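Worksheet: one structure, shown below.
Number of protein chains: 4
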Amino acid sequence: MAGNSFGKLFKLTTFGESHGVAIGGVIDGCPSGIKLDFEAIQLEMDRRKPGQSDIVTQRKESDKVEFLSGIFEGQTTGTPIGFMIKNTNQKSNDYSHIKDVYRPSHADYTYDQKYGVRDYRGGGRSSARETACRVVAGAIAKQMLKDVKIYAYTSSVGDLFLEKPYQELEFSKIESNTVRCPDETIANQMIERIREIRKQGDTIGGTVTCVIQNLPVGLGEPVFDKLHAELGKAMLSINAVKGFEYGSGFCGAKMKGSDHNDQFNADGTTKTNLSGGIQGGISNGMDIYFRVAFKPVATLIQKQNTLDNKGNIVEMQGKGRHDPCVVPRAIPIVEAMAALVLADYQLLRKQESHN
Amino acid sequence: MAGNSFGKLFKLTTFGESHGVAIGGVIDGCPSGIKLDFEAIQLEMDRRKPGQSDIVTQRKESDKVEFLSGIFEGQTTGTPIGFMIKNTNQKSNDYSHIKDVYRPSHADYTYDQKYGVRDYRGGGRSSARETACRVVAGAIAKQMLKDVKIYAYTSSVGDLFLEKPYQELEFSKIESNTVRCPDETIANQMIERIREIRKQGDTIGGTVTCVIQNLPVGLGEPVFDKLHAELGKAMLSINAVKGFEYGSGFCGAKMKGSDHNDQFNADGTTKTNLSGGIQGGISNGMDIYFRVAFKPVATLIQKQNTLDNKGNIVEMQGKGRHDPCVVPRAIPIVEAMAALVLADYQLLRKQESHN
Amino acid sequence: MAGNSFGKLFKLTTFGESHGVAIGGVIDGCPSGIKLDFEAIQLEMDRRKPGQSDIVTQRKESDKVEFLSGIFEGQTTGTPIGFMIKNTNQKSNDYSHIKDVYRPSHADYTYDQKYGVRDYRGGGRSSARETACRVVAGAIAKQMLKDVKIYAYTSSVGDLFLEKPYQELEFSKIESNTVRCPDETIANQMIERIREIRKQGDTIGGTVTCVIQNLPVGLGEPVFDKLHAELGKAMLSINAVKGFEYGSGFCGAKMKGSDHNDQFNADGTTKTNLSGGIQGGISNGMDIYFRVAFKPVATLIQKQNTLDNKGNIVEMQGKGRHDPCVVPRAIPIVEAMAALVLADYQLLRKQESHN
Amino acid sequence: MAGNSFGKLFKLTTFGESHGVAIGGVIDGCPSGIKLDFEAIQLEMDRRKPGQSDIVTQRKESDKVEFLSGIFEGQTTGTPIGFMIKNTNQKSNDYSHIKDVYRPSHADYTYDQKYGVRDYRGGGRSSARETACRVVAGAIAKQMLKDVKIYAYTSSVGDLFLEKPYQELEFSKIESNTVRCPDETIANQMIERIREIRKQGDTIGGTVTCVIQNLPVGLGEPVFDKLHAELGKAMLSINAVKGFEYGSGFCGAKMKGSDHNDQFNADGTTKTNLSGGIQGGISNGMDIYFRVAFKPVATLIQKQNTLDNKGNIVEMQGKGRHDPCVVPRAIPIVEAMAALVLADYQLLRKQESHN
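Dropping the structure here:
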């Protein structure tokens, strides 16, 4: 109920504050018999971790995952997979300056109002560090999903847009640059833009596009738990996300039905795919694609006015090492959350038809 | 698991196909002691029902809700509220022409693939008729929420946009026209546009904006069940929805942090509200606002090619009485789903602090 | 949360008070493609219904189930199965004498304290009439379970015990007498005993034994959701149940390990079965058997002192038509709840191993 | 779904195998603002731990709990409480002799059949070591419950019964002897009996009685989640439990209604309490009491025939350090599970009445 679990049959529960002893999680419901590729898991962690390039935060975190249970002789046993990531390089005293103030557009104020107590060290539970646990679980989900391919990439930074449709992109190039945009020209512009923003002590928003291929027909539950509704919830649960659209999205709302309908081919595929691979909440075998909007990071290396817990407006000087743009590091998180949704629905799928 | 329930503490489970005996639902977890205003419930039903104006489907449905349990002497008893709406005016033979074919951009194909069997009468379970049950439950949730105000309205039809921010609108005018747009000039243009589209046998998309006022601070669960993530899922679960954004939304992804951050006033309110009333997944007491994109209805009164269940491409002539634009009738559904989310979080809120 | 649902993947939600418009339920998660035998469903209803013999209540209820959704052309579609049973023959005025009093050992007092309001007509939601909905769902679950056999029978009435182990009984004789005890001699004694008790205006308790055969190995989830823990919860949720034991049960607590351990045969079966077909919460392929204790019905046709809602002790004369012993009518309810547990675990079983 | 979580609002998820890196858990939903007494938590751990007396296993385990999150400056923050207990003194090579065999009346065979893989080191997930995590969570639940008192004690070992009703016992004496029976005479007989059994390399069963006092009226959800049904499930989920009864229990099934009904006093209390403090699944303010049956431990220090995973019957010599009787160490586990059930229902209680 308290919102720290995701999924039903493939269920992740996470715990941990950014400056506590450790963050971690439990994956309950992972089927037995999956031979885990631990390097692939760590690779996903490395894609998310701070300090990987000059356009992300230079904070040092090891992000080394320790598995505590549920794996024996290299394969999953069907029992819960407990894991943790120790908070080794966190200096709590970095945060004394925010102990009594609520940073603008952060969760400090709402946590304090809701719980009457707040772990003020670096965002506590609301820190994006929590997403490291999602990446661990998503990496395992990906291995369970086998042939399903999930590709996320940066599709805009500020007003710099990658206009090409995903069909014209080479996904193999996503990891070839630090901003994770598969078009080299736009990527370089984006990188340059982020560097400028960082110099200003400012931050900037962006969007991530995600494409899912090779998904079988029939995943997703109609009515309330439509596949795109769960994907939307999954994405909106990521820190800093402000919007989600799939298939034709907000553009589709401007269109006429005669232009929007996807005509069938004889094999059940469709000539166009404005539906985004989902009909009635259920995958139809075509590519799924969606777009996620991230706001600019709220932590600025600038002076800002803010509120303290006595009701005074005070000036605060941001410090520390923060991301000028979250989007490059959000790519593996978007993929992880998509993988968690799909793993859950794939397990649900197994028990739907009686024959 | 099978996706026919929504909510945790205030939980709605729905059942029913568009052309079966009845549709209905069970609300489990509604607190005892709410004196129900049955006229207010029926009023919400009437806002959703077909035939209410010339710009919606002329199909006749009574949409009269019958309560079966959970209410005694006019008030809720704390036991489950069972209800049903009989399918009186449904003519099953209307649908013989689609028995063996999969309509483009409908759920016919995916249901058949998923379940191996399909109730082909008018969309069956995937019909938007199911949303009538959501409106019943939402109307009760609204009564539980008391002072919280939820206003949805049509903010675009095709490329006709209501550009004014919600603060400049009079919500009392929403119901003054059939398209439910509170600006009379734009409303008339929208109505005209829908009439044209209907004459062409075509359909058109649109967007709905929803504003929530008087919500207390502290609703929403952090991490996976953020308030906006549940609102997003709720909206994306409505038939024909393709996108959701809240606060600054997709526009926020173009902005810089120094422009996007909401500065505090001394009382905890903020000078701007690009956050959309939510920080870290928790309501902060400011207005919540979000926008929902609806695709054009897939049923056209035109000839279209389609696929039959033998793998042949065949021509199909749409018939029947369908909405040229779903948005006007979607308004009460958007409000109902928002009310269900808020009711659930309001109950959860009661047990979070120990003192 | 509010306790009106049972099961996870095969999920029943019930609604309804004994003297409201109707009782009913929704089964969500029943797989598609099950060709339903409606006569078999009604047969189970008839085994539970009042008035079937002279040793049960002579109240008249039709107990005719109406299916509202989820079934098309005789088979399940994978969508929720809504159903209701109208309360035709209920006379509300029968209950005016209990409007202001709390009957001893009934739920009147606790409902009133919990909810602040009470549907005083005949027990309302706490009435055993609710179990009719369980029988409907259990009958469908039985059809899903195919070869699994579930046999419940009366194993004691008061201090009259059927001492024979279940292996020496012929289950085909259970329905050959009105008390549903497969041993004719004991059955006749039990029937005679119940008749005496009824003449005294009194009631008497009893036990039901249930045997499950042909269950595959591997059902049940370890740790908190052990197969016997769910069976126990299912049985304890039936009105009037005071205890549950399986396998060696309370007798096993007197034994030594060297006597209690079940030695294996080479094929994985065991020579003895004190374990009751379950090891570590998981079925081992042997017969499951358990015993359920029912208290005597609290409604007596005698004068009793009771409490009214003003805090006065007042004399009350029980009237109406009540069961002198619930056990004979509880047999199909025990079977139904067992079927619901097994159906749920059978669906869960499908997604546990990756290979 | 996979059964490693317990509770709804106060939810415990556990992970870990007896010989893995660590066991642990996550408590999600614990309210904020509880000042934790860490000594009280460790005290509960010490009551459960091996080696505490000569009548329990002499295995060495430190059972030192490390909290990883959810607690700040000594009090709960409302975020998930992650914790772990390292498996320091576990020698995996102790278990090579059981790698290929299924021990009689253990879960080895069923786990292997269910998952196709088994962590054969000392029972793995099915080991009672998992219950240490329940004791941690239960100790926190007890602190949340404040004035509610939960007393469990040994009420029988083999055929040695403590016949006195709980009202005649002094609960303060429970911890005065190693078998945790509050009657000194019987306690000494029980201890002597367990010593004999241990010398024989055998084991013996027993029962635990639990009494809950000072519980407010109104806890428990009617219909499927009755308070006693959840207590029953909680107890049956503990390793080795074969039966559960509350109030009059199995004896009640022999009684007549005129003897069994609890007559009211004017203040809503009852003169007798055969109901065991629960009516219609809801607490009525009287003492709750129940009894739990534990089978004899399956691990014997004797030769036994068993089955190997090739299908051969082979002789096995039990070794290691095991409990001759689980009951003394089960006392804190029974209390912990009761506390988890009550904490959950106490939180649920907060949102039931609207006024």
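Chains as they are written, first to last, in full-length UniProt numbering: chain U, 1 to 355; chain A, 1 to 355; chain L, 1 to 355; chain G, 1 to 355. Think of the CB as a built atom: it goes at the ideal place given N, C-alpha and C, for glycine as much as any other residue. If you're wondering where the values come from, they're calculated on a predicted model, not measured in any experiment.
For the set A:Val117, A:Met337, A:Tyr115 and A:Glu196, the Cα lying nearest the Cα of Glu130 of chain A is the one of A:Met337. Look at the segment 199-262 of chain A and you find these whole runs of alpha helix (DSSP H), each 4 residues long or longer: 227-236, 249-252 and 257-260. Exclusion of the five residues before and after His106 of chain U leaves Gly123, Ser126, Ala298 and Thr299 as the residues of its chain whose Cβ lies within less than 8 Å of its Cβ.
With a contact defined as Cβ atoms closer than 8 Å, Pro324 of chain A and Ile186 of chain A miss out at about 17 Å. If you draw a straight line from the Cα of Gly281 of chain A to the Cα of Asn177 of chain G, it is about 51 Å long. A contact is defined here as three or more CB-CB pairs under 8 Å, and the segment 146-161 of chain U fails this definition with respect to the segment 61-68 of chain U.
For the 7 Å CB-CB criterion, Leu340 of chain U and Phe6 of chain U form a contact. DSSP places Val135 of chain U within a helical segment (H, G or I) once states are collapsed to three.
Looking at the DSSP output, Leu160 of chain U sits in a beta bridge with U:Val157.
Close CB contacts of Thr272 of chain L within its chain, under the 6 Å cut and outside five residues either way in sequence, are with Asp262 (chain order). If you compare the alpha carbons of A:Glu66, A:Asp225 and A:Tyr111 with that of Arg349 of chain U, the shortest gap goes to A:Tyr111.
The beta-carbon of Lys142 of chain U is placed no less than 7 Å from the nearest beta-carbon of chain L. Cβ proximity to chain U below 7 Å picks out Leu348 from the segment 333-349 of chain A. In this structure, Thr207 of chain L lies near Arg291 of chain L, with their beta-carbon atoms less than 7 Å apart. If you check the CB distance, Thr77 of chain G and Asp119 of chain U come in under 7 Å. Excluding residues up to 5 positions away in sequence, Val101, Asn305, Thr306, Leu307 and Asp308 lie with their Cβ nearer than 8 Å to the Cβ of Val314 of chain A in the same chain.
Non-local beta-carbon contacts of Asp28 of chain G in its own chain, meaning distances under 6 Å to residues more than five positions away in sequence, involve Lys11 and Pro80 in chain order. Contact of Asn4 of chain L with chain A by beta-carbon distance below 8 Å involves Val26, Asp28, Thr79 and Pro80. From the listed residues U:Ile34, U:Gly252 and U:Gln279, the smallest Cα separation to Ala141 of chain U is found for U:Ile34. For Gly116 of chain A, the closest Cβ of chain L is nearer than 7 Å. At least one CB atom of chain A sits nearer than 7 Å to the CB of Glu17 of chain L. In this structure, the straight-line span from the alpha carbon of Asp287 of chain U to that of Ser237 of chain U is close to 23 Å. Under the DSSP definition of a beta bridge, Tyr289 of chain L partners with L:Val211. Of all residues in the segment 302-333 of chain L, none comes within less than 7 Å of chain A when Cβ atoms are compared. At a C-beta separation below 9 Å, Phe72 of chain A has these neighbours in chain L: Glu17, Gly20, Val117, Arg118, Asp119, Tyr120, Arg121 and Gly124.
In summary, the residues of the segment 29-48 of chain L whose CB is separated from some CB of chain A by less than 8 Å are Gly29, Ser32 and Gly33, in the order they occur in the chain. DSSP places Glu66 of chain A in the uninterrupted beta strand (DSSP E) bounded by Val65 to Phe67. Among the residues facing chain L, Leu68 of chain A is included, as its CB has a counterpart in that chain under 7 Å away. Counting along the chain, no beta strand (DSSP E) covers Ile34 of chain L, and no H or E run does either. DSSP places Gly82 of chain U within a strand segment (E or B) once states are collapsed to three. Secondary structure at Glu17 of chain G: coil, using DSSP grouped into helix, strand and coil. With respect to the 7 Å criterion, Val223 of chain A and Asn239 of chain U are not classified as neighbours on the basis of their beta carbons. If you check each beta-carbon in the segment 289-303 of chain U against every beta-carbon of chain A, the ones closer than 7 Å belong to Ala293, Phe294, Lys295, Pro296, Val297, Ala298, Leu300 and Gln302. Within the model, the alpha-carbon separation for Val241 of chain U versus Asn214 of chain L is close to 52 Å. Apart from sequence neighbours up to five positions away, the residues of its chain that approach Asp344 of chain G with a beta-carbon distance below 6 Å are Gly7, Lys8, Leu9 and Phe10, ordered along the chain. For the segment 176-202 of chain U, the full-length alpha helix (DSSP H) segments reaching 4 residues or more read 184-199 along the chain.
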